[in-house]
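This report concerns only the one structure given below.
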């Protein structure tokens with residue numbers, strides 16, 4: 018099961034390039050005897066309402082424990098999961114989504130994640146104690162739009178660069194990563210913003226880096242009168 022991203026935050030920016038890559042990968046994999054399909058998924062806006070290392074882990078834990086599940090993230094996770102179960106013959110077509118929902122609602126998915134963390138040397142109760150193990154940043158700042166309106170488009174790549182500016186990613190292999198920094202409460206396409214409704218919250222440990230990240234967040238958002246949001250799962254690619 019392959020997830021091929023498409024959009025401003027992806028390696029393949031256009032649907033044509035993403036489709037060509039997906040078709041090539043699926044053809045090679047199936048030609049080698051491995052039953053494979055691909056979903057082309059949208060990255061013209063953040064998949065979840067956050068970005069950053071520890072921040073995204075917290076978001077994943079909240080998803081698994083059903084505390085908070087961003088709509089776009091859930092659509093893609095469930096779509097990929099269903100495709101994977103059907104490809105592996107672990108669910109009949111049409112039954113996979115129900116199996117996934119049951120795994121979440123019963124806590125089985127979170128239990129499996131805790132076991133994975135424990136096998137890697139982490140605590141066995143990570144989902145219940147994630148905030149204890151993942152430190153937050155010292156500075157939190159709301160970033161407001163330069164004018165009110167509706168989020169029309171988002172340069173997702175710039176949001177990633179904003180996280181890197183605060184030390185959340187490497188420019189060179191020797192860079193140390195600050196796992197606490199990142200973005201939360203990211204607005205999506207179609208959301209209304211104004212002088213009292215921020216585009217995002219920036220979390221950092223250096224005031225100058227937070228300022229640079231704030232400018233990048235403002236630059237990433239284009240505000241207009243209306244917006245068109247496309248599907249989170251754009252296309253399915255299977256062997257021909």
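In our numbering, the protein residues as written are 18 to 257.
In this text, a Cβ means the ideal position worked out from N, Cα and C, and glycines have one as well.
Should residue i go down as buried or exposed, given a rule of 16 or more other Cβ atoms within 10 Å for buried?
{"i": "residue 249", "result": "buried"}
{"i": "residue 62", "result": "buried"}
{"i": "residue 80", "result": "buried"}
{"i": "residue 146", "result": "exposed"}
{"i": "residue 72", "result": "buried"}
{"i": "residue 89", "result": "buried"}
{"i": "residue 24", "result": "buried"}
{"i": "residue 75", "result": "buried"}
{"i": "residue 192", "result": "exposed"}
{"i": "residue 45", "result": "exposed"}
{"i": "residue 257", "result": "exposed"}
{"i": "residue 189", "result": "exposed"}
{"i": "residue 87", "result": "buried"}
From the options, pick the residue whose C-alpha is nearest to that of residue i; which is it?
{"i": "residue 196", "options": "37, 25, 68, 190", "result": "68"}
{"i": "residue 159", "options": "80, 212, 205", "result": "212"}
{"i": "residue 177", "options": "66, 43, 35", "result": "66"}
{"i": "residue 240", "options": "255, 169, 194, 199", "result": "169"}
{"i": "residue 236", "options": "198, 207, 161, 254", "result": "161"}
{"i": "residue 18", "options": "70, 95, 131", "result": "95"}
{"i": "residue 132", "options": "143, 123, 122", "result": "143"}
{"i": "residue 172", "options": "238, 179, 30, 255", "result": "238"}
{"i": "residue 246", "options": "85, 59, 152, 129", "result": "59"}
{"i": "residue 242", "options": "165, 229, 253, 180", "result": "165"}
{"i": "residue 83", "options": "43, 190, 120, 29", "result": "120"}
{"i": "residue 255", "options": "37, 26, 27", "result": "37"}
{"i": "residue 78", "options": "134, 114, 42, 110", "result": "134"}
Could you pull the DSSP bridge partners for residue i from this structure?
{"i": "residue 59", "result": "23"}
{"i": "residue 167", "result": "209, 241"}
{"i": "residue 217", "result": "160"}
{"i": "residue 253", "result": "56"}
{"i": "residue 201", "result": "218"}
{"i": "residue 68", "result": "200"}
Could you tell me if the beta carbon of residue i falls within a distance shorter than 7 Å of some heavy atom in the ligand GTP?
{"i": "residue 60", "result": "In the structure on display, the ligand GTP does not appear, and there are no ligands present to speak of."}
* **Contact the stretch 219 to 229 vs the stretch 170 to 187: 3+ CB pairs below 8 Å** => yes
* To do: Return the chain-ordered ranges of every beta strand (DSSP E) run that is complete within the stretch 107 to 165 and spans a minimum of 3 residues.
  => 156 to 160
* Could you tell me whether the stretch 50 to 57 touches the stretch 98 to 108, where touching means 3 or more Cβ pairs closer than 8 Å? => yes
* Asked: What runs of the alpha helix (DSSP H), each 4 residues or longer, lie entirely inside the stretch 72 to 107?
  -> 88 to 104
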